[in-house]
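Residue 12 is where the sequence shown starts when you use the working numbering, and the numbers rise one by one after that. Glycine included, each C-beta is placed from N, C-alpha and C at the ideal position. Owing to the predicted nature of the structure, the values given are computational and were not obtained by experimental measurement.
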Amino acid sequence: MTESSLVDKMVRTADQAMRSVCGAPHTTGRISPSADVEETELSDYERDEAGRLMRVNHVGEICAQALYQGQALTARDKKVQESLDQSAAEENDHLAWCEQRLEELGTRKSLLNPFWYAGSFTLGSIAGLAGDKWNLGFLAETEHQVADHLQGHLNRLPERDTKSRAIVEQMKIDESKHATIAAKAGGAELPTSIKSLMRFGSKVMTRTAHWI
Ligand SMILES: [Fe+2]
Ligand SMILES: [Fe+2]
12 MTESSLVDKM VRTADQAMRS VCGAPHTTGR ISPSADVEET ELSDYERDEA GRLMRVNHVG
72 EICAQALYQG QALTARDKKV QESLDQSAAE ENDHLAWCEQ RLEELGTRKS LLNPFWYAGS
132 FTLGSIAGLA GDKWNLGFLA ETEHQVADHL QGHLNRLPER DTKSRAIVEQ MKIDESKHAT
192 IAAKAGGAEL PTSIKSLMRF GSKVMTRTAH WI
């Protein structure tokens, strides 16, 4: 890589980071799955709980964006990278949809978003440095775990909050597709111990973001 292309890449990466954390992501232009769903009346408890769950999901999308950006900075094979670009762009759709829903629910974003972004970016960069098969394996496993997590949220979101549910349903479909893309591009199966560590890390994140 030439010095100027490295600088270009770093400037693009910094721009993406600012856009993700400050709320101006480059989306694919898909409209939110909740756009055509009518807003229903929620009790204070339901609104509060939906807001907390959607804040957790918003943090998840901040992390996903950082993970894709981190691995893009250090991944080796250009073809592999191109196959992940669409997934990364769709994570920005998710980010925008969650952010819009948070505003509608009158809930704030996590105060720790810059911290979540930095941590996930570091993890993504390390995965990229480990080589493409591990990088892709890490992404595939992350996407699997996120899809499972979203199913858990569908079980917990108030039945009447059909707008949030529409967003989470579509995100779950997209995350499963992203997992398949990463696995098909050559992702290796990760050792069970790493998978457990990843589950533990995401549990810390989701429990914290529920409140902060
Ligand atoms: Fe996502
Ligand atoms: Fe994804």
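According to DSSP, simplified to helix, strand and coil, what is residue i?
i      : result
Thr39  : coil
Ile223 : coil
Asp55  : helix
Arg171 : coil
Ala46  : coil
Glu200 : coil
Assuming residue i contacts residue j (C-beta within less than 8 Å), just tell me the rounded distance between them.
i      : j      : result
Glu154 : Glu186 : 5 Å
Ala193 : Leu140 : Contact flag wrong, Cβ pair sits at about 17 Å.
Glu72  : Gly148 : Wrong, their Cβ atoms sit about 21 Å apart, outside the cutoff.
Gly142 : Gly62  : With 8 Å as the limit, Gly142 and Gly62 do not qualify as a contact, their Cβ atoms being about 40 Å apart.
Arg171 : Leu53  : 6 Å
Lys120 : His69  : 6 Å
Val48  : Thr173 : 5 Å
Ile223 : Leu113 : Not a contact, Cβ separation roughly 14 Å.
Leu161 : Lys188 : Not quite, the Cβ-Cβ distance comes to about 13 Å (not below 8 Å), so this is no contact.
Ser43  : Gln111 : 6 Å
Among the options, which has the Cα closest to the Cα of residue i?
i      : options                           : result
Leu168 : Leu64, Ala28 and Asp47            : Leu64
Asp224 : Pro202, Ser213 and Val91          : Residue 224 lies beyond the range of the chain shown here (12 to 223); nothing can be said about it.
His3   : Arg119, Asn103 and Arg112         : Past the boundaries of the shown model lies residue 3; the chain is included only from 12 to 223, so the question cannot be answered.
Ser45  : Asp88, Gln27, Ala107 and Val67    : Ala107
Glu50  : Pro202, Ser175, Ser204 and Glu110 : Ser175
Leu165 : Val67, Val22, Val18 and Ala25     : Val67
Gln76  : Gln156, Val22, Glu101 and Asp88   : Glu101
Asp88  : Pro202, Gly198, Ser207 and Lys188 : Gly198
Ala28  : Ile137, Asp55 and Cys74           : Cys74
Lys195 : Asn146, Asp26 and Asp19           : Asn146
Leu208 : Lys188, Thr191 and Leu134         : Leu134
Thr191 : Met216, His105, Gln156 and Gly40  : Gln156
Ser136 : Gln111, Glu57 and Thr24           : Thr24
Arg30  : Pro202, Pro125, Arg41 and Arg58   : Pro125
So, is the C-beta of residue i closer than 7 Å to a C-beta in chain C?
i     : result
Gln76 : The chain labelled as chain C is not found in the depicted structure, where only one protein chain is given.
* Can you find at least 3 beta carbon pairs, one from the region 81–88 and one from the region 173–184, that sit closer than 8 Å? -> no
* To do: Mind listing, in chain order, the continuous alpha helix (DSSP H) runs of no fewer than 4 residues lying wholly within the region 91–163?
  => 124–140
* the region 125–135 in contact with the region 93–104 per 3-pair CB rule at 8 Å -> no
* **Complete alpha helix (DSSP H) runs within the region 62–91 (minimum length 4 residues, chain order)** => none
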